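Notes follow once the structure below has been shown.
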Amino acid sequence: MAFFLIRADEPLPSGHLDIAHYRRIHHHLFQDVYEWAGEYRSVRIGKGGNWFCFPEYIPQALGQAFADYGPIDEIAKRSIREFAQLTAHFLAEINAVHPFREGNGRTQLTFLTMLAANAGYSVNDSILEPKEVLSAMIESFCGQEERLFRLVLAYIC
């Protein structure tokens with residue numbers, strides 16, 4: 019955990035907020051912890067009786083999530099509520115794919131912060147409590163994204 023915290027305080031990799039950039043962020047954050055940092059998982063995993071995307075479909079499913087989100091710079095021009103709604107859905111989709119064996123949540127939060135900055139928003143780090151975020155992610159896995167939307171909206175300023 020200490021290595022993650024050190025890496026989290028370092029400058030993040032630059033990029034175009036695309037899949038390759040997302041993978042580089044995971045690698046950056048977890049390179050000292052996992053040999054496979056930034057690589058898609060090769061095992062099937064699930065939580066709470068729900069399976070995440072099977073590994074053989076990760077590239078396609080993650081590609082679809084990014085494609086469905088749309089052009090990053092266009093999303094950045096939306097109203098704050100639209101941005102939060104679209105981004106909450108995007109995070110729910112990425113979470114359902116769960117491309118990495120570990121570190122998905124921290125990578126998603128880091129990417130959310132970068133998406134918000136790209137849209138001209140700052141973030142309120144004190145607003146997100148781990149239990150609340152986990153609960154919202156579980157609900158979003160079942161198609162209920164309202165709580166996640168409210169968390170994203172509160173997180174961005």
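Numbering of the sequence shown is given in my numbering, commencing with residue 19 and proceeding in unit increments.
Where a beta carbon is used, it is the ideal one built from N, C-alpha and C, also for glycine.
Model, not experiment: these values are computed from the prediction.
Query	Result
Assuming residue 44 contacts residue 26 under a Cβ cut-off of 8 Å, what Cβ separation, rounded to an integer in Å, is found between them?	So it is not a contact: roughly 12 Å between Cβ atoms.
By the three-class DSSP mapping on this structure, what secondary structure does residue 141 have?	strand
Can you list, in chain order, the residues of its chain with a C-beta nearer than 6 Å to that of residue 123? Leave out the 5 residues immediately preceding and following it.	none
Shortest alpha-carbon distance to residue 186 belongs to which of 173, 117, 34, 70?	The structure shown has nothing for residue 186, since the chain only spans 19 to 175.
Tell me which residue opens and which closes the alpha helix (DSSP H) that residue 98 is part of.	98-115
Just to confirm my understanding: we take residue 152, look at its own chain, exclude 5 residues before and 5 after, and list those with CB closer than 7 Å. What are they?	none
Would you please state the rounded distance, in angstroms, between the beta carbons of residue 116 and residue 70? I believe it to be under 8 Å.	4 Å
Do you know offhand how far residue 175's Cα is from residue 78's?	33 Å
Which runs of the alpha helix (DSSP H) spanning at least 4 residues fall entirely within the segment 37-98, listed in chain order?	37-48, 76-87, 90-94
Using a Cβ-Cβ cutoff of less than 7 Å, which residues in the same chain neighbour residue 154 once the five nearest sequence positions on both sides are dropped?	165, 166, 169
Could you give the distance in angstroms between the alpha-carbon of residue 46 and the alpha-carbon of residue 99?	30 Å
In angstroms, rounded to a whole number, what distance separates the CA positions of residue 163 and residue 57?	28 Å
Excluding sequence positions up to five away, which residues of its chain have a Cβ less than 7 Å from the Cβ of residue 141?	131, 134, 173, 174, 175
Bridge partners for residue 174 per DSSP, in chain order?	141
Looking at the structure shown, is residue 121 part of a helix, part of a strand, or coil, going by DSSP?	coil
Determine the DSSP secondary structure at residue 164, reduced to helix, strand or coil.	helix
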